[in-house]
Each structure stands twice: as structure tokens, then as C-alpha cells.
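I have placed the structure first, in the form of C-alpha cells, so that the comments after it can refer back to it.
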Amino acid sequence: MKQTTLIYKLIMALTGLFLCFFLIIHLLGNLQLLSPPELAREQFNWYSHLLSGNIVIKIISYVLYLSIIAHAVYALIITRVNAKAKGSKYVYDNRSEVSSWNSRNMGILGTIILIFLIIHFKDYWYIYKFGNLPLDADGNKNLYTIVITSFQQAWYVILYELSFIALGFHLLHGFFSAARTLGLYHRRYAQAIRIVGWIYSLAITLGFMLIPIYIYFNLNS
Amino acid sequence: MKLKLKIWRQENREAKGNIISYDVEGISEHMSFLEMLDLLNERLIKQGERVIEFDHDCREGICGACGMMINGRAHGPLSGTTTCQLHMRSFKDGETVYIEPFRAAAFPVLRDLKIDRSAFDHIIQSGGYVSASTGQAPESNSILIPHNITEAAFDAAACIGCGACVATCKNSSAALFTSAKISHLVLLPQGKTESADRVIQMVNQMDEEGFGHCSNTDACEVECPQEISTLHIGRMNYEYNKALLLRK
Amino acid sequence: MIDAKIPAGNLADKWSNYKDRSKLINPANRKKLDIIVVGTGLAGSSCAASLAEQGYNVKTFCFQDSARRAHSVAAQGGVNAAKNYKNDGDSVYRMFYDTIKGGDFRSREANVYRLAECSLALIDQAVAQGVPFAREYAGYLSNRSFGGVQVSRTFYARGQTGQQLLIGAYQALMRQESLGKVKTYTRHEMLDLVLVDGKAKGIIARNLETGEIERHAANAVVLATGGYGKVYYLSTLAMGCNTSAIWRAHKKGALMSGVSWIQFHPTCLPQIGETQSKLTLMSESLRNDGRIWVPKKAGDERVPNEIPEEERDYYLERRYPTFGNLSPRDISSRAAKERIDAGCGLGPMKNAVCLDFSKALKEQGRDKIEEKYGNLFRMYEKINGIDAYKEPMLISPAAHFTMGGLWVDYELMTSIPGLFALGEANFSDHGANRLGANSLLQSCVDGYFIAPYTIPNYLSAELKAEKVTIDHPAFSESEQMIREQLDRFMNVQGHLSADHFHKTLGKLLYDKCGLSRTRESLEQAIIEIKALKKSFDHELKITGDQQVNSELEKAGRVADFLELGILMCYDALQREESCGAHFREEFQTADGEAVRNDEDFCYVSAWEWKGEDQPPELHKEPLVFETVELTVRSYK
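Protein chains in written order, with this note's numbering: chain A, 1 to 221; chain B, 1001 to 1248; chain C, 2001 to 2636.
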């Protein structure tokens, strides 16, 4: 059977939902940064170490990399198909009146998130994996200090906050859209998923947004 | 009242079109939008110019022939209304109104505002039916269908095939049209037996015709004259995924 | 005298007798036979699909951009069938009787009985196709009642029954197209019928996109092109509805019957302005709960809600106490016209009556009314900007259904061998007045259950006949004539649009050959239409080219309407009685009821075209009533 648009959409939905799930784990880890500094350092570094050692975690991390790549690549493929489907442009286009901005601009939001991810990977993941990090008291790599230091810079905090806003809008549509692509059609449950999507997006976004601000204002030396 | 119309004129499929301006006077608020165009055409004939070609037939919102982008909205500013049921009381005196054909790669323009929507017929041909030949039918009350199921099937079957869903979609997706037919038939016991093949074939055909992906923006539901719900798209996806997993 | 070829036997056995004896064609031979079906409404789609299912090669033609848009789609109310699911005394015989009586005893017993008989299978067929008819909570089919009968036998799918039935037939057609048995030609208009040795062997069609003139040959031609009520310009019909296919067949020799029998639907939205193009129908089902009234006093300037109860005249309840607001269409329309003419009409043009739901709203509650008629109330508000839950609707009669059409025999074959006419395009089953919800029924029954038996009966002889191809001189002759006609339209270069002539003709017919006619008005009309036709020939103006050109399409249709209009008047003039929709003011009782004349007019008038400027020639098919007794049709 040939590949169809719906299969592309399924890939987008499944990878997207996996990334949604990962965001929860990531946020839970990051929330440790809100503990008192000494405890936070110990816990956060231990947690980072845990995520890099375990074989199960390793598999999950490969799934994660794959998901990010597939999500981006298929987004590109879909965008190309859609561009071809569109035909000529409307001279006067007011279609924006009937749908939400974020649902129409998932591509732009996604691109912002992707750029952010590259910076994010470069600054933390790459340094953690391949850089020479000092060790903390327990012998774990001291990622904590790197994080705290980076969030001392206002521009860096602003960059993060903006990216999280983009993420929030992306999630708001993406979560519900993925559920529909998977085949949710029952009126009541579709409504429930919309509400869950709202709560989830809000929690993730605010949670991630809180941390840099907290660090910037409370741990500035 | 008086309007400034900016109308898309295009000679044929291959030609490049452009917007031409017309000032129209003597419009009454009771006129339907199409009657307003009749008025303009009458004037064009007097002036010896070629009339504006547009599709229209029943003028009561059910045949699905009419359809144009009016001020950048499919079927004009009202939701859930066909172009023929749009009345001039929805416009202000002196307003500028842009009129364009529904646009999508799968809906080529034939002339002016007339488009070719045969892609929809092809989608139905690919499986949008119950294979019940004349003479095969059992006694109608031997198939019991609960009230709410019939009503739900009707909601989906009410589609008039106008193409507003495609026109308003940022990706020119035919998901609402296709899913409405899939939903209509899968809800009813008569249509269930063929459901797996039907959904796969119809979705494939939808792609083949050159329609885009559904991004779930729900714009189609707003513009659909029959207010067909995007939940049907969810059902189409469900049926499709089920068929992928379970079809032999 | 013409022969309808009605089979022998008891009324109830005639159709079975016919089927048992009709000629069959071996499945292997069926694929050697080609059939052209013009029109893809209910009759055309269902017939094309059913014949393709049997194995014939079918080509369908429609002027719309998709078969699904044919005007059957707009039928709202429902479809009748004698299922007797309500246990309220219905039967095939009773349905037959209601229809014969509803048609004022001007239709054939055998045809009408067959219609009622086949109604049972139609509901089964539609349900099997997935038509979502309304159901009770337990899952059984639901029914409602319609004008002119006292049982509930109407099956419905909200207010969109025609749409749902058509989609069922359209889907069956699309299925056959995917199987390669049907080829659909959309945006094609039939412009001529081609005869070879007196038999229908093909058509000339114009591709409405490219302007190409195409020839198509076949072993039989089926016309299912609907009614010509659009002759009145303002009507409930679609803008594209026309008489061209049947009129051009008529000019090739097919007889036309009941030409002036045109039903005016009593519940339509009134005309409110000169530029109006359409009178939208509001389903007759509204009359189940709506009460019709006008002010007692003529020239009452108050708005409906200000007129107190005691000053309202519920004229249908007053004149026809048994059937009241559910009186048949012709009677209700005429009663409305009578009150409007008496100066009691309401609305800006004083041309409307009230359809009032206040009593039903009080008794049943808004929810119940909304469930039954919600879409109609919404439609009313869309068009008029008025909330009908608060104020009565204003309605008015409008031209709607043509009982007349091509004369056909029992096999639905016209007087031209090999040319069949189905659905509203033929005259056969409704007599002088059609009952509500019988139109969908007739087109479906013709297409699904009758033509698929009678056409093979004709085709069996075709197997041996020599195959006609499009190279036959008859095709080039026809094509030449059509090209000349189109060039003529383009070259007149007068100063008036086709619509101008159409509107003028419509107004003229409304006044002189409409809800009521007189000898004087008809004679006058003939003179005026002839003058209008002259003016059309010299003053028409068409701009643009011969590719996509809606004005050129209109011109051809209007030219045919003009000629048809003349025949309508001849038909109405010749019939010196009042029956059904045909109301000659000279023939009425003191209290304004129609006076039928069975002594002199108990026949079908079948008109033959004798050429331009020649009056048509009348042929008669006597109506023989073996089963029912002719009575005065009273709904009092």
C-alpha cells in the first residue's frame, strides 16, 4: 500500500505525543532546580547522570532523537505537499477569521522550537556529553552550575521564555490535533481531551517558564 | 446601495487571471448575492462585455453549485451559509467586495468564478457508496437503526459538496468532505460491511486528486453551509487507523 | 387515437403480467447495447445505475458540474409509500386511489397503481443504499402525513429528503462509473435528438466548458430532464431547469401531454422585488402544524402580529373543514390566490398569506417545533431576516411541478420508438395535480423499477438491428442545425438579454396561463408570446464567445420556453373544463370550486409539433376507468 497523507499525519501525531510525554519527564527533572541551591545541585546532577547511564533510558533517548528528527522531517514533507495542493493564492484572504492563529502556524511555531532545540542541545546536551565538565561532590558531572550560570544572562532568559511561549501554543494545538489524528471522534471525549490539552500545555509552559525567571531573580550572584 | 466589486476574471484553465473593478449601483438589501451579480451581468451585456461566469443552480442552498470567496471568506461573511443564501443586507453601502473563485490545485478554474470540482466525484467513485444493486434490498424495517444513529448519519450525509471546506482550508484539504461520506456510511449497519476498504480507497483517492493534509484548524466546520462537524474527520482517522491495523 | 399499451388483466396484476411476459436479454449480449441517459436527477441516476448494474453500457449527461446537483436535490418533504407502518388503514389500493383522486381523474389507472405498488420496494432500496430516513427511538422507520390524504405514509429525512434520495442514487451511479459501466458527461447539454429510421439513436450535446458540439450514438435514449416550471421564470426550480431536451424531442416528433398542468406550490416565499430570481419553497410539511390565514378585511395595513384572532380568516379551515390546512396543493394555492386577489394579501407587495405556528408553539412547545422544522425556520430567517418563532411566516403560491411532459405509454416510451421519458419529464402518473411526496416517488420508481424492465423489452429487438454510429448522416444533419442555431443566437446582436425575455414570458404566463386561466387570457397570451418570440429573434444580445457562456446557454433555453409557452396556452385553451391545477374561470361552481367535464374531456391530450407558425395537432388518448368511479373531487 502506498503512503498516504494520513500515514504522515499518524507519524506526526505519534512522535508529537511521545515528545509531549518526554516534556513531562524533562520538566519534572528541571523542577528540582527550584529546591534550595545545595540540594538542587546534588539532585539535579544525580538526575542528569541517571538519564545518561541507564540502558532503558538510552533506548528512550534514541527514540527521542528519532522522534524529534521524524517530527521535523515529516513536517517539512507535509508542508511541501500542502504547498502544492494550494494552487494559486487568494488576492484578498480573510480566512484567518475562522480558525485560531496557532492552528494555522504550527510550522512557524515548530521552526522556532527547532531553533531553540539546537541552541539548547548545543549549550547543555553537547557540553554534558562531549565537554569537560567539572564533577560535583558526589562525582556526578556538574551540569547544575552550567545551568545556573547561563540563566544569569537576561538575553538568554528572554530567548528561553519566548521559545516556551512558542512551545505552549504549539502544544495547545498539537496535543488535541494528535488525538484527532489517532481517531478520537466522540464528542464528549474530544471535549475532555481539549480540556486536558489546555491543562497540559499550560502546566508544561508555565513550569518551564518559571525556572529561568526563578534563577535569574533569585540566584543572581 | 452601491458597492465596489473587485472580481476575478480568467479566460480559461490555462490563462492567467486578474482582478477587475466594477462599480454597481441600485442594489437592494433584499437581493441575494447572486441576484446582485445578475444585476451586474445585465449591465455588462448592455455594454457589450462578456458576463461574469459563476456556478449557481438551485439558489436555495442545497445543490452546492454556487460558491465563491467573498472578501476572503468562503461563501462570504456569514458562517453556515451558501453564497446563494447570502443577502446584501450583510454588506454596507459603499463597501469594497472582493470576489474570487474557490482556489485549490484540485479545483482548477474554468472561467472567472467557475471551477472544476470533479475531484469530489472521483472521491465518491473510489468507495463512497453502499454496494447495494437495485433489487437486492431487504424489507426496510428489518434493519433497525436507532434514532440517534440515523440522525448522526444524516448530519454527515447532509454535505452538499460545494467545496467551501477545501477553499477555506489553508492546506486545501478535502478531509471534511471525505470524512463526512465515510462517517455517513460507517454509522449505518448497511454501510459497515465495506467500511475498511472504503476508508482506505477514499483516503488514497483524496491524495491522488491533489488535496492537502488536514491540520485540524476547524475552519472548514465554520464555513460548511451544512455545519458538518470536524468530529467526522476524527472518525475517518479512527476508521483509517483501524483498517491499517486490522485489514487483511 | 393513440395506444398506451396497457397490459391485460386485473388492475393489481397488470404490472406482474407485464414483467412476466416482457422480453429479456442474455447477460452476455447486454454489453453490446448502449444507452444514453440525459439528466442525472433521481430518475436519471437511478435508471442509469440500474441499467449499468444489469450490464448495459450507459452514458449519462447533465448540464451541472456533478450529477449530485440535479434539482431532485431540493425536494424537502418526503417520499410516499404504502407500507402501512402506522397501521392507519393504508394500502396499495388506497394510495392508488388517493393519487388518482388527487390527480382529478386525469391519469391512467394502470400507471398509478403500478406507482403505488412499487413504492414498497423503493423504501427498501433507499434504506439499503444508506438513505438516513427518520426513525423512531426503537429504530423503526417514522412517517408523517402530507396534503390530500388521511394516512401517514410519507417517509422523510428531515427537510432534505430529495437530497438524501438523490445522494443514494448518485452514489449508485458513481459506483457504476468506477466499475466502468457508466460514463458520466457533466457540464454537457443535450441540444438535439437524433433519429434514424424514426427511432431514437443518439443525441447532439454541447460541452459547456469547451463549447464543442459532440455526437453520441446509442441503442436507446432516456430523457430524465425534469420539469419545465422555470418557464414562469419565478418558480421554485433551479436556475438551470429547462425544457430543452424534451422540447427538442417534441420537435422531432414526440408528443407532449398535459402541457399546461403546472402545479403551484402553496407554501413558497413571496416575491418581494423586481430583481428576484427565485421563489424558495418551504416544505409542505409545515402545514401539518402551521395554520394559514389572511386578515378578514381587505387592504389591512397592520403587520400580522397586530391583527387580533377574531379578525383573522382561516380560509382553508373555513372552506375545507375535513382537510383544512392539509388540503391538496392546487386547492390551497387557488384559495390563497382568491384571497390575495380579493385584496387580503399581506407583505410589501400584498401578495402573501400567513402561515402561523403560534398555536402549535403553544401546544407543543418550541423544542418540538424546532426538532420538526428547525432547518426551515432557519432558512426563513436567512432569506428574510425574520424570526418565524415570533411572527407568522409570509408565504405565497409559486410555480413548482409540471404534471405535463412528454407523452409516454405504459412502458414509459414516448411516441418515438427508443426514446423513453422518466420522472417529471413525462406526463404520466399525476394527472392534473400531483400529491405531495409523490414526485420523489415517481422519479425513483420510474428509474429503479420500471425503466430497467421496459427498456430491455425494447432493446431485445435492437440486438439484431444494425448498429448506428456517429458517422451516420442523421448526426451531421442534426449537428449542422445546432451549429446554425448557436451562430444565429450569437449574431443577432440586439440589445436585450435572454433573462429579459425569460422574465417577460414568465410574467405573461403567470397572469394569463397560471393559477387560473380564461379563454380570453389564453388567446391573448398566444398572440403576445408570438410577438415576444419575434422580438427575441431580432433583439437578443449575447456577449462573449462560444466556450463557457452562460448567456448562450440561457438563450437556447429561453427560445424553447417561448415555443413551449405557446403550446401551454393551446393546451389550456382546448381543455374546456377545470381539473386539478388547470382552472378555467369559465368552469367553476358558484362557490368557486372547479367543474370537471368527464363527458367531453376524459382523455389525455397529446400534442404533435407541426412546425413553427403552425398550431399543434391534438391527438387523444381516452382515459378508461375500470376500477374507480369518477367522483367530484371534494375535500370539504
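From the three backbone atoms N, C-alpha and C, an ideal C-beta is built for every residue, glycine too. A quick note: this is a predicted structure, and the numbers were derived from the prediction, not measured.
I need the straight-line Cα distance from residue i to residue j, nearest angstrom please.
{"i": "Ala166(A)", "j": "Glu97(A)", "result": "21 Å"}
{"i": "Leu2255(C)", "j": "Leu2406(C)", "result": "6 Å"}
{"i": "Asn2305(C)", "j": "Ser2332(C)", "result": "23 Å"}
{"i": "Phe2264(C)", "j": "Ala2399(C)", "result": "4 Å"}
{"i": "Gly2611(C)", "j": "Gly2180(C)", "result": "41 Å"}
{"i": "Met1(A)", "j": "Glu1209(B)", "result": "For Met1(A), the predicted structure reports a pLDDT of 44, less than 50, and the residue's modelled location is therefore unreliable. A value from the coordinates is still provided. Spanning the two alpha carbons is a distance of roughly 17 Å."}
{"i": "Ser2050(C)", "j": "Phe2536(C)", "result": "41 Å"}
{"i": "Asp2446(C)", "j": "Gln2129(C)", "result": "17 Å"}
{"i": "Gln2547(C)", "j": "Ile2213(C)", "result": "11 Å"}
Between the Cα of residue i and those of the options, spot the shortest distance and give me the residue it belongs to.
{"i": "Asn2029(C)", "options": "Glu2626(C), Leu2223(C), Leu2463(C), Gln2524(C)", "result": "Leu2463(C)"}
{"i": "Pro2397(C)", "options": "Leu2234(C), Lys2533(C), Pro2417(C), Val2408(C)", "result": "Leu2234(C)"}
{"i": "Leu2115(C)", "options": "Pro2027(C), Lys2014(C), Ser2050(C)", "result": "Lys2014(C)"}
{"i": "Val1222(B)", "options": "Val1130(B), Arg1073(B), Glu1060(B), Glu1014(B)", "result": "Arg1073(B)"}
{"i": "His1232(B)", "options": "Thr181(A), Leu202(A), Tyr214(A), Ile146(A)", "result": "Thr181(A)"}
{"i": "Gly2211(C)", "options": "Arg1235(B), Asn1012(B), Gln1136(B)", "result": "Asn1012(B)"}
{"i": "Gln2614(C)", "options": "Leu2567(C), Ala2590(C), Glu2599(C), Glu2586(C)", "result": "Leu2567(C)"}
{"i": "Phe1054(B)", "options": "Gln2064(C), Asp2571(C), Ala2425(C)", "result": "Gln2064(C)"}
{"i": "Leu2033(C)", "options": "Ala2298(C), Lys2467(C), Ala2081(C), Arg2366(C)", "result": "Lys2467(C)"}
{"i": "Phe2323(C)", "options": "Met2001(C), Arg2633(C), Ala2008(C), Val2624(C)", "result": "Arg2633(C)"}
{"i": "Gln1085(B)", "options": "Glu1194(B), Val1186(B), Leu1034(B), Arg1247(B)", "result": "Leu1034(B)"}
Is residue i helix, strand or coil by DSSP?
{"i": "Ser1021(B)", "result": "strand"}
{"i": "His26(A)", "result": "helix"}
{"i": "Asn2057(C)", "result": "strand"}
{"i": "Lys2620(C)", "result": "strand"}
{"i": "Met1(A)", "result": "Legend: pLDDT at Met1(A) = 44, less than 50; position of this residue unreliable, value from coordinates given subsequently. Three-state result, Met1(A): coil."}
{"i": "Met2239(C)", "result": "coil"}
{"i": "Thr2589(C)", "result": "coil"}
{"i": "Ser2535(C)", "result": "helix"}
{"i": "Gly207(A)", "result": "helix"}
{"i": "Trp1008(B)", "result": "strand"}
{"i": "Trp2607(C)", "result": "strand"}
{"i": "Asn2384(C)", "result": "helix"}
{"i": "His1213(B)", "result": "coil"}
{"i": "Asp2192(C)", "result": "strand"}
{"i": "Ala83(A)", "result": "helix"}
{"i": "Ser1131(B)", "result": "coil"}
{"i": "Phe121(A)", "result": "helix"}
{"i": "Pro2266(C)", "result": "strand"}
{"i": "Glu1227(B)", "result": "coil"}
{"i": "Ala137(A)", "result": "coil"}
Using a Cβ-Cβ cut-off of 9 Å, state whether residue i counts as contacting chain B.
{"i": "Glu2621(C)", "result": "no"}
{"i": "Tyr2018(C)", "result": "no"}
{"i": "Val2038(C)", "result": "no"}
{"i": "Arg2068(C)", "result": "yes"}
{"i": "Lys89(A)", "result": "yes"}
{"i": "Met1(A)", "result": "Here Met1(A) scores only 44 on pLDDT, less than 50, and its place in the model should not be relied on; the value that follows carries that caveat. It does: the Cβ of Met1(A) has a partner Cβ on chain B nearer than 9 Å."}
{"i": "Trp2015(C)", "result": "no"}
Quick check: is the beta carbon of residue i nearer than 9 Å to any beta carbon in chain A?
{"i": "Phe1211(B)", "result": "yes"}
{"i": "Lys1248(B)", "result": "no"}
{"i": "Met1069(B)", "result": "yes"}
So is residue i in contact with chain C if we call contact Cβ pairs under 9 Å?
{"i": "His1147(B)", "result": "yes"}
{"i": "Cys1063(B)", "result": "yes"}
{"i": "Gly1076(B)", "result": "no"}
{"i": "Leu1003(B)", "result": "no"}
{"i": "Thr1081(B)", "result": "yes"}
request  = Below 8 Å between beta carbons is the criterion; list the residues of the segment 1084-1107 of chain B that meet it against any residue of chain A, in chain order.
outcome  = Tyr1098, Glu1100, Arg1103, Ala1104, Ala1105, Ala1106, Phe1107
inquiry  = What are the residues in the segment 1126-1141 of chain B lying within 9 Å of chain C by C-beta distance?
reply    = Ser1126, Gly1127, Gly1128, Tyr1129, Val1130, Ser1131, Ala1132, Ser1133, Thr1134, Gly1135, Gln1136, Ala1137, Pro1138, Glu1139, Ser1140, Asn1141
query = Between the segment 2172-2183 of chain C and chain B, which residues of the former have CB atoms less than 7 Å from a CB of the latter, in chain order?
reply = Ala2172, Met2174, Arg2175, Glu2177, Ser2178
key: chain B contacts from the segment 84-114 of chain A (Cβ-Cβ distance under 8 Å)   = Considering only beta carbons, the part of the segment 84-114 of chain A lying closer than 8 Å to chain B consists of Lys84, Ala85, Lys86, Gly87, Ser88, Lys89, Tyr90, Val91, Tyr92, Asp93, Asn94, Arg95, Glu97, Val98, Ser99, Ser100, Ser103, Arg104, Met106, in chain order.
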